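Worksheet for the structure shown next.
There are 2 protein chains.
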Amino acid sequence: MPTLAFKLNDHLYIRDPQHTQLGQKIIHSSVLLIDRLGFEQFTFKKLAEEIDSTEASIYRYFENKHRLLVYLIAWYWNWMEYRMEIFTSAVADPKEKLKTCLRILAEEKKYDPTFEFVNEEALHRIVIAELDKTYLTKGVDDHNKEGLFGGFKSVCAKIASLIHVINPNYPFAESLVSTVLITANQQLFFASHLPSLTSLEANENRYNRLYSFLENVVFCSINADNKYA
Amino acid sequence: MPTLAFKLNDHLYIRDPQHTQLGQKIIHSSVLLIDRLGFEQFTFKKLAEEIDSTEASIYRYFENKHRLLVYLIAWYWNWMEYRMEIFTSAVADPKEKLKTCLRILAEEKKYDPTFEFVNEEALHRIVIAELDKTYLTKGVDDHNKEGLFGGFKSVCAKIASLIHVINPNYPFAESLVSTVLITANQQLFFASHLPSLTSLEANENRYNRLYSFLENVVFCSINADNKYA
DNA sequence: CAAATATAATAGTATTACTATCATTAATCG
DNA sequence: CGATTAATGATAGTAATACTATTATATTTG
């Protein structure tokens, strides 16, 4: 099976890293390095050393390290959407589709051999720890206009549209979905680092518990049979 | 009426800024400056210029700019808790108490003259834009041990305990509360910058809509009468 | 008033986030 | 196949940042 590549927004990179060897090394190693050091401590210099290249060469692929982060996280949401599509395509009932999406969102992330040079496990930890940093900047509005957040917005819109089908009268579909997409990762972070902020435990069962929590929140909220809907 | 001061965790600062003139200037102006520049562009040098002091002097109050941010945000959550206590103390019904807390969380923040040197409006924008940066660091575990996140955790625990009273069988109280505390600010950010991610609009009514959304999510979820609770 | 303490003034350092230049290697194409 | 073009490497340099250190000068306190 050939390695698939996502078509990501042009503005995320200067040269498409998926199509060259150096580009793939940049993606592959930056995921591991950001995971290891955290985004703050991560620098292009350290990355260059890691892949036996130079800062200048990396700058030919990405304008700066923030764009690289945005790129990786956009990749992640594309991957999520791709998985959601695969696993919901055979499902007819929108409620079941929605559950499948939540299941994919909440499940433990494992290496997906479809995408050779990306370690999805490490990438998921990056999303957990750094997602908010992609849009919490003074440049959001410009970045948004460039379409840098397309991946996340697309997942959000797809799931929200399922909710609109299930209950056309529920007035907070977009808010509910963005809340759930973000809290899914946040709760896992809390389970590892700030346990008093979560009802999940830091054990193997946390992915199932997380799913239950998300299902509960979503289906209770959109359920037309209660006075709040 | 005398100016009140919160007793914040010792580790947040080197010298308590609430008790000296320079300290108060640091708090006052850092709120305005971080709001204006964003935390990334904010530096102690710029702050020093603003208040006609020096970098070195500011470093005698705060170990670094990250601690200053954590301090300001801890102050915010202390203030939230203080307001929640004031407005719930006369209320007996835990459901009503919970609603009051959500109302305070969601309401538009205005300058509170009880605290002379803090502009709560600007501080709220800082919380909206920078809250996550306080704990999304490689140092979380150490910072947590030092108690730097006490303010937020305390608000979370208080509200969660209300939920435990209302429905002792609801198994996700802490997760639900941390989700709601964080999403309240996030949804306001989305309304201003990423409108497709929210069901709120960027108009004056957004605080009421936000409240409705939060009330809906919380009360639907903890409602014992549905199959998910 | 003396002693202690807080602040200001100034200087200095390692690191970061780039930009620029030019040589070298690899890919492509007539 | 050789020539052109493009990609990469090597090296250098810069302004800004996030501090630390030192000394002088105010200010407060006992």
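Protein chains in written order, with this note's numbering: chain A, 5 to 233; chain B, 5 to 233. Positions of the beta carbon are idealized from the N, C-alpha and C atoms, including for glycine. Note that the coordinates shown come from a computational prediction; the quantities given were computed from them, not determined experimentally.
Requested in this report: Taking 8 Å as the cut-off, decide whether the C-beta atoms of B/L76 and B/I130 are in contact.
Outcome: Numbered from 1 along the second sequence, position 72 holds the residue referred to as residue 76 of chain B. Numbered from 1 along the second sequence, position 126 holds the residue referred to as residue 130 of chain B. Cβ distance < 8 Å, so B/L76 and B/I130 count as in contact.
Requested in this report: With 8 Å as the threshold, decide whether the Cβ of B/K157 is near any Cβ in chain A.
Outcome: For the purposes of this step, residue 157 of chain B is taken as the residue at position 153 of the second sequence. Cβ-Cβ to chain A under 8 Å: yes for B/K157.
Query - Continuous alpha helix (DSSP H) assignments of at least 4 residues falling wholly in the region 33-108 of chain B - result: 48-54, 59-63, 69-92
Requested in this report: Using a cut-off of 8 Å between C-beta atoms, extract the partners of B/G42 located in chain A.
Outcome: Looking up residue 42 of chain B in the second sequence gives position 38. Chain A residues near B/G42: T141, K142.
Query raised in the report: Of all the CB atoms in chain B, is at least one closer than 8 Å to the CB of A/Y232?
Result: As a first step, residue 232 of chain A must be located in the first sequence, where it is residue number 228. Any reading at A/Y232 must be qualified, since the residue scores a pLDDT of 46, below 50, and its modelled position is unreliable; no value is offered.
**Report entry** Minimum Cβ-Cβ distance from B/C105 to chain A less than 8 Å
**Finding:** On the second sequence, position 101 is the one that residue 105 of chain B refers to. Not an interface residue.
Query raised in the report: Using 8 Å as the Cβ pair cut-off and three pairs as the minimum, do the region 104-123 of chain A and the region 45-60 of chain A touch?
Result: no
Query raised in the report: Which parts of the region 126-213 of chain A are runs of the alpha helix (DSSP H), unbroken and 4 residues or longer, counting only runs that do not cross its ends?
Result: 144-149, 154-170, 177-197
**Report entry** Within 8 Å, strictly: CB atoms of B/D125 and B/F43
**Finding:** In the second sequence, the residue the question calls residue 125 of chain B occupies position 121. In the second sequence, the residue the question calls residue 43 of chain B occupies position 39. Note that residue 125 of chain B corresponds to Glu in the displayed sequence, not to Asp. Not closer than 8 Å, so no.
Query raised in the report: Do we get a CB-CB distance below 8 Å when we pair A/S61 with the residues of chain B?
Result: By 1-based counting over the first sequence, the position of residue 61 of chain A is 57. So no, A/S61 is outside the interface.
**Report entry** Chain-ordered chain A contacts of B/S203 [CB-CB under 7 Å]
**Finding:** As a working note, residue 203 of chain B is residue 199 in the second sequence. Neighbours of B/S203 on chain A, chain order: P175, F176, A177, E178, S179.
Requested in this report: Check the Cβ-Cβ distances between B/D145 and every residue of chain A, and say whether any is below 8 Å.
Outcome: Position 141 of the second sequence, counted from the first residue, corresponds to residue 145 of chain B. At least one chain A Cβ lies under 8 Å of B/D145.
Query raised in the report: Can you check whether the CB of B/L102 is closer than 8 Å to the CB of B/I167?
Result: Stepping through the second sequence from its first residue, residue 167 of chain B is reached at position 163. Stepping through the second sequence from its first residue, residue 102 of chain B is reached at position 98. Result yes, Cβ atoms of B/I167 and B/L102 sit closer than 8 Å.
Query raised in the report: Can you give the Cα-Cα distance for B/A206 and B/Q28, rounded to whole angstroms?
Result: Counting from 1 along the second sequence, the entry for residue 206 of chain B is found at position 202. Counting from 1 along the second sequence, the entry for residue 28 of chain B is found at position 24. The alpha-carbon atoms of B/A206 and B/Q28 are separated by roughly 33 Å.
Query raised in the report: Of all the options A/K69, A/S61, A/F119, A/I38, which has the alpha carbon lying nearest to the alpha carbon of A/R87?
Result: As a position in the first sequence, residue 87 of chain A is number 83, starting the count at 1. Residue A/F119 is the option with its Cα nearest to A/R87.
Query raised in the report: Helix or strand or just coil, what does DSSP make of B/D14?
Result: For the purposes of this step, residue 14 of chain B is taken as the residue at position 10 of the second sequence. Here B/D14 sits in helix by DSSP.
Query raised in the report: Should A/L16 go down as buried or exposed, given a rule of 16 or more other Cβ atoms within 10 Å for buried?
Result: For the purposes of this step, residue 16 of chain A is taken as the residue at position 12 of the first sequence. Answer is buried; the Cβ neighbour count reaches 16.
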